[in-house]
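**Student:**
Residue numbers (this note's numbering), protein chains in the order written: chain A, 97 to 350; chain B, 97 to 350.
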């Protein structure tokens, strides 16, 4: 029986057209798969814990693959890092049950969206935070994020284009933190629809600047109408910041 | 009389061949000068507060120029930022006395050198910290940095190539701070010789790993022999983090 291995990755998404392999663009999945195939000397099918769009970052990411190789798990991150570019790193690996699947076994995910709310850009946050120079009202922002917490149909805050059976998800928390001129929006859910995190952020920004009322958000969710919610904010402010699994693989992401 | 204007900048040095204009490479000085000339519609001579090498960053930087333009100082940063790339930003400007000179009027400078002392790279610190996977002994590091504090001849920790009258400088403080796996070395002096900050860091790293004793550093300084000190560490971990001026321009850098 081939071993099933899960690896912990993190990456800066700036140089990549997202996670998922595409015909003519460089992606994180292809970069990691190519490095693994060099190490394992066999074809690799690599499953990631989710599609991240072009420019989106991952502080934590899980991917898994089956292999005939006997390489010890504690050597694998070092072997991978010797081949990976500096903007992708592997920091852990462990053997997982045969039925483990990075996306299907994932219990919860946390995304953090970073906004630079300042009159001036910050060169150190280029491609790493959404520069939004108009002042955002934190009180309104906090009222707005609360409206998303709970089990709802999130059809109004997703982009069409992916086939999902249900658009109902549970948001466990959606927090606002202001640290100097950086506003961080952390949202945790049992699953995210396509562009859901970025559409929720666009909607709470609209609530913050008065283009809609925080109280409108429940009605917008009920309507299921994407046109009533705020815009999808740019990808480069978005980070996958935490993922939860049961068992041994869960310990890799503590 | 043409006004003399000082501007506050910050930049990520990764994409630039340092501050100073070069014939065939993109530099920060040329990028800012070109933007100023577009705004002011006149040739600009731009003086910076110091040469930073290729890959070195500046959280604070001062540059000055004389102009016939009547543009208000509070408009200048916005006008500049509309033309500058995202990795250089202007955040302030003020009129300064005719004899003000960004480099000659500078009282003190603080450089911070960031080391990622961890088994694994961090993709978010690529080009922003020196990745040094072997464990560094903080106690030895702290003993070593102390040896540089005070007024000394720093000829042993500079690279030749620049003409300076004296190699005597005063280091006011040289601190070690460990925050998770990031070690920050902050050094403040009334002036820095060419590559002095990076050669001092290379020397304290050598003291930290036992390639030399912290106690040897005073003798190395006395010898004036560059070969006895540690290596010049890479530029991408180095940040100009604070500069001090008298008068109104000093308030821009508080």
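Using N, Cα and C, we set each Cβ at its ideal position, and we do this for glycine too.
Computed from a predicted model, the values in this text were never measured in an experiment.
1. Compute the Euclidean distance between the alpha carbons of residue 230/A and residue 174/B, then round it to the nearest angstrom.
2. Measuring straight from C-alpha to C-alpha, what distance separates residue 270/B and residue 243/B?
3. Would you list, in chain order, the members of the stretch 180-191 of chain A that have their beta-carbon closer than 7 Å to a beta-carbon of chain B?
4. Would you say the stretch 222-240 of chain B touches the stretch 193-205 of chain B, given that touching needs at least three Cβ pairs under 8 Å?
5. Going along chain B in order, which residues have a C-beta closer than 7 Å to the C-beta of residue 217/A?
6. Considering only the beta carbon of each residue, do residue 295/B and residue 265/B sit closer than 9 Å?
7. From 155/B, 228/B, 272/B and 212/B, pick the residue whose C-alpha is nearest to that of residue 238/B; which is it?
8. Taking the C-alpha atoms as reference points, what is the distance between residue 144/B and residue 302/A?
9. Taking one C-beta from the stretch 310-321 of chain A and one from the stretch 108-121 of chain B each time, how about it: are there three or more such pairs within less than 8 Å?
10. If you follow the beta strand (DSSP E) that residue 163/A is in, where does it begin and where does it stop?
11. Need the endpoints of the alpha helix (DSSP H) that residue 108/A sits in, please.
12. Quick one: Cα of residue 280/A to Cα of residue 263/B, how far?
13. Within 10 angstroms of the Cβ of residue 178/B, are there 16 or more other Cβ atoms? Answer buried if so, exposed if not.
14. Between the stretch 102-126 of chain B and chain A, which residues of the former have a C-beta closer than 7 Å to a C-beta of the latter?
15. Quick check on residue 200/B: buried or exposed, where buried means 16 or more other Cβ atoms within 10 Å of its Cβ?
16. Smallest Cα separation from residue 247/B: which of 241/B, 267/B, 109/B and 189/B?
17. Give me, in chain order, the residues of the same chain whose beta-carbon lies closer than 6 Å to that of residue 316/B; leave out the 5 immediate sequence neighbours on both sides.
18. 9 Å is my cut-off, CB to CB: does residue 223/B come that close to chain A?
19. Assess, as a yes-or-no matter, whether the stretch 181-188 of chain B is touched by the stretch 161-173 of chain B under the definition of 3 or more beta carbon pairs within less than 8 Å.
20. Going by Cα to Cα distance, which pick from 163/B, 102/B, 180/B and 283/B is closest to residue 126/B?
21. Kindly indicate which residue of 191/A, 283/A and 161/A has the alpha-carbon position closest to the one of residue 418/A.
22. Cβ closer than 8 Å: which chain B residues qualify as neighbours of residue 173/A?
23. When you compare the CB of residue 220/A with every CB in chain B, is at least one pair closer than 9 Å?
24. Is it buried or exposed for residue 331/A, if we count other Cβ within 10 angstroms and need 16 for buried?
25. Classify residue 206/B as buried or exposed, calling it buried when 16 or more other Cβ atoms lie within 10 Å of its own Cβ.
26. Checking contacts by CB at 9 Å: is residue 206/B closer than that to chain A?
27. Which one of 224/B, 289/B and 162/B has the shortest CA to CA distance from residue 151/B?
28. For the alpha helix (DSSP H) containing residue 185/A, list its first residue and its last residue.
29. Beta-carbon within less than 7 Å of residue 169/B's beta-carbon, same chain only, minus the 5 sequence neighbours each way: which residues are those?
30. Determine the direct distance from the alpha carbon of residue 346/B to that of residue 293/B, and round the result to whole angstroms.
**Tutor:** Here's the rundown:
1. Here residue 230/A refers to the residue found at position 134 of the first chain. Here residue 174/B refers to the residue found at position 78 of the second chain. Rounded to whole angstroms, residue 230/A to residue 174/B spans 14 Å at the Cα level.
2. In the second chain, residue 270/B corresponds to position 174, counting from 1. In the second chain, residue 243/B corresponds to position 147, counting from 1. So the alpha carbons of these two residues sit roughly 9 Å apart.
3. Taking 7 Å as the Cβ-Cβ cut-off against chain B, the residues of the stretch 180-191 of chain A that qualify are 182, 183, 184, 185 and 187.
4. In short, these stretches do not touch, since the Cβ pair count stays below three.
5. As a first step, residue 217/A must be located in the first chain, where it is residue number 121. Counting only Cβ-Cβ distances below 7 Å, residue 217/A has contacts in chain B at 177, 182 and 185, in chain order.
6. Within the second chain, numbered from 1, the residue matching residue 295/B stands at position 199. Within the second chain, numbered from 1, the residue matching residue 265/B stands at position 169. Remark: C-beta atoms of residue 295/B and residue 265/B do not approach each other more closely than 9 Å.
7. Looking up residue 238/B in the second chain gives position 142. Ranked by how close their Cα comes to the Cα of residue 238/B, the residues 155/B, 228/B, 272/B and 212/B have 272/B in first place.
8. Translated into the one-based positions of the second chain, residue 144/B becomes position 48. Translated into the one-based positions of the first chain, residue 302/A becomes position 206. Cα to Cα, residue 144/B sits roughly 41 Å from residue 302/A.
9. No contact exists between the stretch 310-321 of chain A and the stretch 108-121 of chain B.
10. As a position in the first chain, residue 163/A is number 67, starting the count at 1. Counting along the chain, the beta strand (DSSP E) containing residue 163/A begins and ends at 153-163.
11. In the first chain, counting from the first residue as 1, residue 108/A sits at position 12. Counting along the chain, residue 108/A falls outside any alpha helix (DSSP H), and DSSP gives it neither H nor E.
12. Residue mapping note: residue 280/A aligns to position 184 of the first chain, counting from 1. Residue mapping note: residue 263/B aligns to position 167 of the second chain, counting from 1. Residue 280/A and residue 263/B have their C-alpha atoms roughly 47 Å apart.
13. Residue 178/B sits at position 82 when you count from the first residue of the second chain. For residue 178/B, the number of other beta carbons within 10 angstroms of its own is below 16, and it is reported as exposed.
14. Taken in chain order, the members of the stretch 102-126 of chain B whose beta-carbon sits within less than 7 Å of a beta-carbon on chain A are 106, 107 and 108.
15. Reading the second chain from its first residue, position 104 is the one you call residue 200/B. With fewer than 16 Cβ atoms within 10 Å of its Cβ, residue 200/B is classed as exposed.
16. Taking the second chain and counting its residues from 1, one reaches residue 247/B at position 151. Of the listed residues, the one whose Cα sits closest to residue 247/B is 267/B.
17. Within the second chain, the letter at position 220 stands for residue 316/B. Around residue 316/B, the same chain offers 252, 324 and 325 as residues with beta carbons nearer than 6 Å, after the five sequence neighbours per side are excluded.
18. Here residue 223/B is taken as the residue at index 127 of the second chain, counted from 1. For residue 223/B, the answer is yes, since a Cβ of chain A falls inside 9 Å of its Cβ.
19. When C-beta atoms of the stretch 161-173 of chain B are compared with those of the stretch 181-188 of chain B, three or more pairs fall below 8 Å, so the two segments count as touching.
20. In the second chain, counting from the first residue as 1, residue 126/B sits at position 30. Closest by alpha carbon: 180/B.
21. Nothing about residue 418/A can be reported from this structure: the residues present for chain A run from 97 to 350 only.
22. Start at 1 with the first residue of the first chain, and residue 173/A comes out as number 77. Simply 216.
23. Indexing the first chain from 1 puts residue 220/A at position 124. Yes, its Cβ sits closer than 9 Å to a Cβ of chain B.
24. Taking the first chain and counting its residues from 1, the one referred to as residue 331/A is at position 235. So residue 331/A counts as buried.
25. Looking up residue 206/B in the second chain gives position 110. Label assigned to residue 206/B: buried.
26. Counting from 1 along the second chain, the entry for residue 206/B is found at position 110. The beta carbon of residue 206/B sits no closer than 9 Å to any beta carbon of chain A.
27. Translated into positions along the second chain, residue 151/B becomes position 55. Ranking 224/B, 289/B and 162/B by Cα distance to residue 151/B puts 224/B first.
28. The residue you call residue 185/A lines up with position 89 of the first chain. Under the DSSP assignment, residue 185/A falls outside any alpha helix (DSSP H), being part of the beta strand (DSSP E) whose first and last residues are 184-192.
29. Here residue 169/B corresponds to residue number 73 of the second chain, with the count starting at 1. For residue 169/B, same chain residues with a beta-carbon under 7 Å away, outside a window of 5 residues either side, are 101, 189, 190 and 191 in chain order.
30. Residue 293/B sits at position 197 when you count from the first residue of the second chain. Residue 346/B sits at position 250 when you count from the first residue of the second chain. Rounded to whole angstroms, the separation of the alpha carbons of residue 346/B and residue 293/B is 23 Å.
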